[in-house]
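Peer 1: Residue numbers (my numbering): -9 to 303. From the three backbone atoms N, C-alpha and C, an ideal C-beta is built for every residue, glycine too. In this text the structure is predicted, and so the values were computed from the model without any measurement.
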Amino acid sequence: MRTPRTFVAAATLLAACGNAPAGAPAPASAAAASAAAVGPTSPAAAPPPAAQAAAAPAQAPCGALGCLAFDTPAQAFSHVLQSSPRVLAVGESHAQQGAEGVPSATRRFTELFLPALAGRASDLIVELWAADPRCNKAQVARVEGEQKAVTQAQSASNQGEFLALGSEAKRLGVTPHLLVPSCEEYDAIVRAGPDAVTAMLEMIARLTAAKAKALLGREGAAGKMVIAYGGALHNDVAPRPGRERWSFGPELSATTGGSYVELDLIVREFIRDSESWRALPWYPHFDREEHPDKAVLFNPAPGSYVLIFPRAR
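1. Distance, Cα to Cα, residue 136 vs residue 268?
2. Among 119, 277, 49 and 222, which residue has its Cα nearest to the Cα of residue 64?
3. I'd like to check one pair, residue 155 with residue 219: are the Cβ atoms closer than 8 Å?
4. If you reduce the DSSP assignment to three classes, tell me which class residue 133 lands in.
5. Does DSSP put residue 260 in a helix, in a strand, or in coil?
6. Under a three-way DSSP split, which group does residue 248 fall into?
7. Given a threshold of 16 other Cβ atoms within 10 Å of its Cβ, counted over all protein chains shown, does residue 195 qualify as buried or as exposed?
8. Whole angstroms are fine: how far does the CA of residue 164 sit from the CA of residue 210?
9. Unbroken beta strand (DSSP E) runs of length 3 or more, entirely within the stretch 160 to 221: which are they?
10. Along the alpha helix (DSSP H) that carries residue 63, what are the first and last residues, could you check?
11. Below 8 Å on the Cβ atoms is my contact criterion, and I expect residue 239 with residue 79 to pass it. Report the Cβ-Cβ distance as a whole number of Å.
12. Quick one: using the 10 Å Cβ neighbour count with 16 as the cut-off for buried, is residue 284 buried or exposed?
13. Would you kindly work out how many angstroms separate the C-alpha atoms of residue 271 and residue 83, rounded to a whole number?
14. Quick check: what's the CA-CA separation for residue 217 versus residue 147?
15. Report all residues from its chain with a CB closer than 6 Å to the CB of residue 33; omit the five preceding and five following residues, and keep chain order.
16. Out of 227, 134, 98 and 62, point me to the one whose CA is closest to residue 290's CA.
17. Please state whether DSSP places residue 272 in a helix, a strand or coil.
18. Would you kindly report the start and end of the unbroken alpha helix (DSSP H) that includes residue 107?
19. Does the stretch 119 to 126 come close enough to the stretch 170 to 180 to have 3 or more Cβ pairs within less than 8 Å?
20. Starting from the Cα of residue 247, find the closest Cα among 69, 59, 77 and 66 and give me that residue.
21. Does the beta-carbon of residue 90 have 16 or more other beta-carbons within 10 angstroms, so that it is buried, or is it exposed?
22. Could you work out which residue in 110, 180 and 98 is closest to residue 127 when comparing CA atoms only?
23. With distances taken between CB atoms, is the gap from residue 116 to residue 168 smaller than 8 Å?
24. Mapping DSSP to helix, strand and coil, what is residue 87?
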C-alpha cells in the first residue's frame, strides 16, 4: 500500500535503540524523552476463561475486499497474525502537522500491538536512519536537507514516536534495528540531484530487505518473526508499476516462501479526499461514517491487510 508521505529521520539516532556503528553518539536524553512521550506499555492481565469466552472476537462482514469490522483493534490484529508470518511488514499513514490531538498509528502500534508480539518476534526494523560517523558530514547534511522536503508537512512528534517504538520493543525483548546507509549510498543520493527522493526510497527498500534477510538467516532464528515498521509504501507485496524498486515486499515474500504479511495501519481521522488517498485500492470501499467505533480490516489480496482504527475518543 502507499502513503502520502514517507518518514525518514535525521541521522545519529541509532544508539537510542542499540546496534550503533563504532563512534556514533548516543543521545540517551532524546530516547528517554521519546519513551516518556508514549509512556510504558505492559500487556494487560488475561481475563478468566469465562470472560474470554464472553469476549470472543466479534467480527462482522462490512463490504468488499474481505472487509471485516471488529470490536477492537487488538481483535483485528490477532486475525492478521493467524498465519504466523516470518516477516510482518507494517506500514503506516504518518501523522501530519495539526493532527497532534489524534493518537498516531505509531503510538497505537506501540501500545496496542507490540506487547502481543513479545516472545513471538525476535527483531524490529524501524525506518529511521543512522549516519555512519565516518561519512562526509557535508554529504550527510545535504541528504538531510533533501529529507526535509519530504517530512516538512509531518508532525514533529513522528521521529520521537519511532524512537519510543524501538525503546519499548527492546524492553519487551524484541531487538530494534535502525537503517545504516553506507557513505557510498549518501554520495549516490547527492549525485541523484532532482531524483534524490527516488534514490532514498529505493535505498530504504534495499536496506530493509538486506537487514531482514540477514536476521532471518541467523542460526536459531527459525520460528521467530521479524517485524519491519515504516511508511505504507515500502511493504507492498504487489507494488504499483514503476514503484517496484521502492518496495521490499516481493523480495521478502520470496525469501520466506510466502510467509510474509503486509499490514497497513490507517488512522481514520488522517484520511483525506485527495489523489494519493483515492489511488489506494480500499479507498472506494471505505465509508468513514460506517462503523466509526469499530476496527475495519480489509484484505485486498492474500497476505495483504489494511487496518483502519476506530475514531479517537
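Peer 2: The relevant details are as follows:
1. Annotation: residue 136 to residue 268 spans about 27 Å, alpha carbon to alpha carbon.
2. 49
3. Taking C-beta atoms as the reference points, residue 219 and residue 155 count as a pair closer than 8 Å.
4. helix
5. helix
6. Coil, per DSSP.
7. buried
8. 15 Å
9. Here the runs fully enclosed are 165 to 169 and 215 to 221.
10. 63 to 70
11. 6 Å
12. buried
13. 15 Å
14. 22 Å
15. A caution first: residue 33 carries a pLDDT of 39, below 50, which makes its placement in the model unreliable, though a value can still be read off. The residues are 105.
16. Among 227, 134, 98 and 62, the Cα nearest to that of residue 290 is on 227.
17. coil
18. Counting along the chain, the alpha helix (DSSP H) containing residue 107 begins and ends at 104 to 107.
19. yes
20. Residue 77 is the option with its Cα nearest to residue 247.
21. Under this definition residue 90 is an exposed residue.
22. 180
23. yes
24. coil
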